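Using the numbering used here, the first residue of the sequence shown is number 3, and each one after it goes up by one. Below is one structure, written out as structure tokens; the observations come after it.
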Amino acid sequence: MELIVSYSFSAEAIVKALSWTLVHSLWQGLLLSLVAGAIMLLTKKAKATLRYDLLVSSIVFFIVGVFVTCYNQLSNSAQVVESNFVQALPTTKTALSEHWVMPTAQPSVISQTIHFINANATWIVLIWLLVIIIKFIRLGSAFYAIHQLKHKQVSAATVYWNKRINELCKQLKINKKVVLLQSQMVTIPAVIGYFKPIILFPAAMYTAIPLHEVEAILIHELGHIRRNDFIVNLLQSFVEVVFFFNPAVMWVSSLIKTERENCCDDIAISISGNKQDYIKALIHFSEFEQHEPRQLATAFSGEKKHLFNRAKRIIYNQNNTLNIMEKKFLSASLVLVSICLLAFISMKAQDNKKDNQSIQQATRSADGKKRGVSGGNDTIQVYTISGRSGMTGVTRTQIDGKEFELFIVKGQITDMYIDGKKIPAEEIITYKPILDKLYEQINKDEEQALRDSEQAKRDSEQAMRDSEQAKRDSEQAMRDSEQAKRDSEQAIRDSEQAKRDSEQAIRDSEQ
3 MELIVSYSFS AEAIVKALSW TLVHSLWQGL LLSLVAGAIM LLTKKAKATL
53 RYDLLVSSIV FFIVGVFVTC YNQLSNSAQV VESNFVQALP TTKTALSEHW
103 VMPTAQPSVI SQTIHFINAN ATWIVLIWLL VIIIKFIRLG SAFYAIHQLK
153 HKQVSAATVY WNKRINELCK QLKINKKVVL LQSQMVTIPA VIGYFKPIIL
203 FPAAMYTAIP LHEVEAILIH ELGHIRRNDF IVNLLQSFVE VVFFFNPAVM
253 WVSSLIKTER ENCCDDIAIS ISGNKQDYIK ALIHFSEFEQ HEPRQLATAF
303 SGEKKHLFNR AKRIIYNQNN TLNIMEKKFL SASLVLVSIC LLAFISMKAQ
353 DNKKDNQSIQ QATRSADGKK RGVSGGNDTI QVYTISGRSG MTGVTRTQID
403 GKEFELFIVK GQITDMYIDG KKIPAEEIIT YKPILDKLYE QINKDEEQAL
453 RDSEQAKRDS EQAMRDSEQA KRDSEQAMRD SEQAKRDSEQ AIRDSEQAKR
503 DSEQAIRDSE Q
């Protein structure tokens, strides 16, 4: 007997769960942008490190929220494969064949949106996968380009700068071995690598700017190494690839990058002790064109407006705040989050109302197992699944060569189709012997599966105990072998000693 129960995973359920996770990440991103905006507004006079830590924490919480949403969606899909079954469940006699149809009433915008997402879940996920595959290919090409930067047209720095780098590493308490290389392929300094960091410095810049400015820039790059920015930047690149469609995530990521540079600017100024020279270095480096790949490297320079903001921040000792466009974006985010919240509350209220109406219509008899038929005062006995009061969904199976399709709401069979033909509500109870046998077998199968799972668990525990015992026996055998080896060596030594004693005795006898 082929049986399909609504409490099982399916490819369709996974796709729908993933598509809804992506959709939910949009309003979660709006919440993230509101939190980031509040951080930027409330920390105008705070240190850059605090702003950076708060922004990174906010995006970490966003990622955790997305994972929780995905888990919940998968759990819901596991319980009900066709997630729109309850929403589309008709309360009157409507024409149904192979698929559910929407009620005759005009559907709301929310219902239309939900229906559209469910109907196009496969396309949503496929397009998302296609785009991130392309972006991951580009990310891989960036890895390759960085590998090329480390090995092509590079030369070791002079003795002076190698010595100076070692001194600065000690001053910044950097325990890693930092390699300074002169590169003909980069136009701005960049840090590459985490475990064995490398600073690539434009060879032409050594003679183009004063030594103290070069040193200030090197301190900035060492600041990235001290703060482990390369690995954070790498993880951030993966987040940008996965959530490429989410403008809030991309915006917060750009804020993190800006604050990361501000943190290293503060380190460079605190060590060099000269703001003017550092600002001059910013200006000098902004004059060089930037063609090298920097998605996975923490480079010194940036866009011209960012360099201007960095210089302005250093001069006035004031953190950058939100511009007009960012404030408008946050205002729009607040409005959209409010609309989503109201829509969610409204949808929940409608679902509860429909659910209550369905239950009331399904339980009009005195014993709670009868429901009223629309247009009459008679009561119809309803088949209730024993021990399955919380079950809601669809069961499809074949019995005696006939295709049965059962629609269930909270343990009660509301509609039944046999070979595509709807069975009148008053006749469902006449199939009670078949249905009892069907769900009795389902219960037995589940109980057997549970017993098998428990037995497998016990077998696994026994296997683990046997493995531990075998390990102990092996260790004991090894100890016995070592003892036997020591005994054998002792016997050899005793034999050699007896031989020497015998030779001594012969010499004594001869003497």
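Every residue gets a Cβ at the ideal spot worked out from N, C-alpha and C, and that includes glycine. As the structure is a prediction and not an experimental result, all values here were calculated from the model.
| Paired residues, beta bridge with V68 - DSSP | Along the sequence shown, one-based indexing puts residue 68 at 66. As DSSP reads the structure, V68 sits in no beta bridge.
| query | Per the contact definition of three or more C-beta pairs closer than 8 angstroms, is the region 157-176 in contact with the region 58-76? | reply | No: fewer than three Cβ pairs fall under 8 angstroms.
| Top-ranked residue by Cα proximity to S256, from N235, S272 and A465 | Mapped onto the sequence shown, residue 256 falls at position 254. Residue N235 is the option with its Cα nearest to S256.
| field | From F287, Y280 and G395, residue whose alpha carbon lies closest to that of Q417 | value | Position 415 of the sequence shown holds residue 417. One detail in the question is off: residue 417 reads as Asp in this sequence, not Gln. Cα-wise, what sits closest to D417 is G395.
| message | Measuring alpha carbon to alpha carbon, tell me which residue in I415, K424, G422 and A458 is nearest D438. | response | Counting from 1 along the sequence shown, the entry for residue 438 is found at position 436. The residue with the shortest Cα to Cα distance from D438 is I415.
| message | On the DSSP bridge list, what partners appear for Y419? | response | Within the sequence shown, the letter at position 417 stands for residue 419. Its beta-bridge partners are E407 and K424.
| request: Could you check what DSSP says for A147 in three-state terms: helix, strand or coil? | output: Working through the sequence shown from its first residue, we reach residue 147 at position 145. Helix at A147.
| Integer-rounded CB distance, given that S35 should sit under 8 angstroms from V68 | As a position in the sequence shown, residue 68 is number 66, starting the count at 1. As a position in the sequence shown, residue 35 is number 33, starting the count at 1. Approximately 15 angstroms separates the beta-carbon atoms of V68 and S35; this is outside 8 angstroms, ruling out the contact.
| task | Tell whether a beta-carbon distance below 8 angstroms holds between L440 and I258. | result | Your numbering for residue 440 matches position 438 in the sequence shown. Your numbering for residue 258 matches position 256 in the sequence shown. Taking 8 angstroms as the Cβ cut-off, L440 and I258 do not qualify as a contacting pair.
| field | Alpha carbon of I119 to alpha carbon of A144, nearest angstrom | value | In the sequence shown, counting from the first residue as 1, residue 119 sits at position 117. In the sequence shown, counting from the first residue as 1, residue 144 sits at position 142. Those two C-alpha atoms are separated by around 34 angstroms.
| query | With burial defined as no fewer than 16 other Cβ atoms inside 10 Å of the residue's Cβ, what is the status of H214: buried or exposed? | reply | Numbered from its first residue, the sequence shown carries residue 214 at position 212. That one is exposed.
| query | Should W253 go down as buried or exposed, given a rule of 16 or more other Cβ atoms within 10 Å for buried? | reply | Residue 253 sits at position 251 when you count from the first residue of the sequence shown. So W253 counts as buried.
| message | Could you compute how far the alpha carbon of T51 sits from the alpha carbon of L202? | response | Position 49 of the sequence shown holds residue 51. Position 200 of the sequence shown holds residue 202. If I take the Cα positions, the gap works out to 25 angstroms.
| message | Here's a check: name, in chain order, each residue in its chain whose Cβ is nearer than 7 angstroms to the Cβ of C342, leaving out the five neighbours to either side. | response | Translated into positions along the sequence shown, residue 342 becomes position 340. Closer than 7 angstroms at Cβ, skipping near neighbours: W29.
| task | Could you tell me which residues DSSP pairs with R315 in its beta bridges? | result | Counting from 1 along the sequence shown, the entry for residue 315 is found at position 313. Partner(s): none; R315 has no beta bridge.
| field | Whether I227 touches V193 by CB criterion (8 angstroms) | value | Indexing the sequence shown from 1 puts residue 227 at position 225. Indexing the sequence shown from 1 puts residue 193 at position 191. In this structure, V193 lies closer than 8 angstroms to I227 by Cβ.
| task | Report the rounded CA-to-CA distance for K251 versus F245, giving the unit in angstroms. | result | Looking up residue 251 in the sequence shown gives position 249. Looking up residue 245 in the sequence shown gives position 243. The question names Lys, yet the displayed sequence has Val at residue 251. V251 and F245: Cα-Cα distance of roughly 7 angstroms.
| query | Taking buried to mean at least 16 other C-beta atoms within 10 Å of its own C-beta, is G39 buried or exposed? | reply | Taking the sequence shown and counting its residues from 1, one reaches residue 39 at position 37. It is buried - the Cβ of G39 has at least 16 other Cβ atoms within 10 Å.
| request: Classify A206 as buried or exposed, calling it buried when 16 or more other Cβ atoms lie within 10 Å of its own Cβ. | output: If you number the sequence shown from 1, residue 206 lands on position 204. Looking at its Cβ environment, which holds fewer than 16 other Cβ atoms inside 10 Å, A206 is exposed.
| message | On the DSSP letters alone, give me the boundaries of the beta strand (DSSP E) that P204 sits inside. | response | Along the sequence shown, one-based indexing puts residue 204 at 202. Its beta strand (DSSP E) spans residues I200 to P204.
| query | Hey, which unbroken runs of the beta strand (DSSP E) at 3 residues or more fall wholly within the region 439-500? | reply | none
| task | Quick one: measure Cβ to Cβ for V133 and S21, integer angstroms, because I've assumed they're closer than 8 angstroms. | result | Here residue 133 is taken as the residue at index 131 of the sequence shown, counted from 1. Here residue 21 is taken as the residue at index 19 of the sequence shown, counted from 1. The Cβ separation is near 14 angstroms, so there is no contact.
| task | Please report the Cβ distance between L174 and S157, rounded to the nearest whole angstrom; I am assuming they are in contact, meaning their Cβ atoms lie under 8 angstroms. | result | Within the sequence shown, the letter at position 172 stands for residue 174. Within the sequence shown, the letter at position 155 stands for residue 157. Incorrect: roughly 25 angstroms between the Cβ atoms, too far for contact.
| Among all the DSSP beta bridges, which residues are the ones paired with L183? | The residue you call residue 183 lines up with position 181 of the sequence shown. Secondary-structure assignment with DSSP links L183 through a beta bridge to A158 and L202.
| task | Note down the Cα distance separating I116 from N325, rounded to an integer number of angstroms. | result | For the purposes of this step, residue 116 is taken as the residue at position 114 of the sequence shown. For the purposes of this step, residue 325 is taken as the residue at position 323 of the sequence shown. Each residue's Cα considered, the two are about 35 angstroms apart.
| CB contact flag (I271, Y280, <8 angstroms) | Mapped onto the sequence shown, residue 271 falls at position 269. Mapped onto the sequence shown, residue 280 falls at position 278. In this structure, I271 sits near Y280, with a CB-CB distance shorter than 8 angstroms.
| field | Bridge partner(s) assigned by DSSP for G39 | value | Walking along the sequence shown from the start, residue 39 turns up at place 37. According to DSSP, which records beta bridges pairwise, G39 is partnered with nothing at all.
| request: State the start and end residues of the unbroken beta strand (DSSP E) segment that holds I401. | output: Working through the sequence shown from its first residue, we reach residue 401 at position 399. I401 -> beta strand (DSSP E) spans G395 to I401.
| task | On a CA-only basis, which of L408, T432 and P435 is nearest K423? Give me that one, please. | result | Here residue 423 corresponds to residue number 421 of the sequence shown, with the count starting at 1. Per the C-alpha coordinates, the member of L408, T432 and P435 positioned closest to K423 is L408.
| said: Here's the rule I'm using: 16 or more other beta-carbon atoms within 10 Å means buried, otherwise exposed. How should K95 be labelled? | reply: Within the sequence shown, numbered from 1, the residue matching residue 95 stands at position 93. Residue placement at K95 is poorly supported in this model, since its pLDDT is 35, which falls under 50; the coordinates still yield a value, given next. By the neighbour-count rule (16 or more Cβ atoms within 10 Å), K95 is not buried but exposed.
| query | Among V181, A210 and V216, which one has its Cα closest to the Cα of P516? | reply | In the structure displayed, the chain extends from 3 to 513; residue 516 sits before or after that span and is not available.
| task | Locate the alpha helix (DSSP H) running through K49, then write down its first and last residues. | result | Looking up residue 49 in the sequence shown gives position 47. Neither: K49 is in no alpha helix (DSSP H) and is coded neither H nor E.
| said: I need the boundaries of the alpha helix (DSSP H) containing E217, first residue and last residue. | reply: Position 215 of the sequence shown, counting from 1, holds the residue named residue 217. From DSSP, the alpha helix (DSSP H) with E217 extends over L213 to R228.
| Which same chain residues, not among the five before or five after D37, have their C-beta less than 7 angstroms away from its C-beta? | Locating residue 37 in the sequence shown gives position 35, where the first residue counts as 1. First, the residue type needs correcting, since residue 37 is Val and not Asp in the sequence shown. Result list for V37: S60, in chain order.
| message | What would DSSP say about Q114, mapped onto helix, strand or coil? | response | The sequence position of residue 114 within the sequence shown is 112, counting from 1. In the structure shown, Q114 sits in a helix (DSSP, three-state: H, G or I).
| said: Quick check on Q513: does DSSP put it in helix, strand or coil? | reply: Along the sequence shown, read from residue 1 onward, the residue named residue 513 stands at position 511. For Q513, the three-state secondary structure derived from DSSP is coil.
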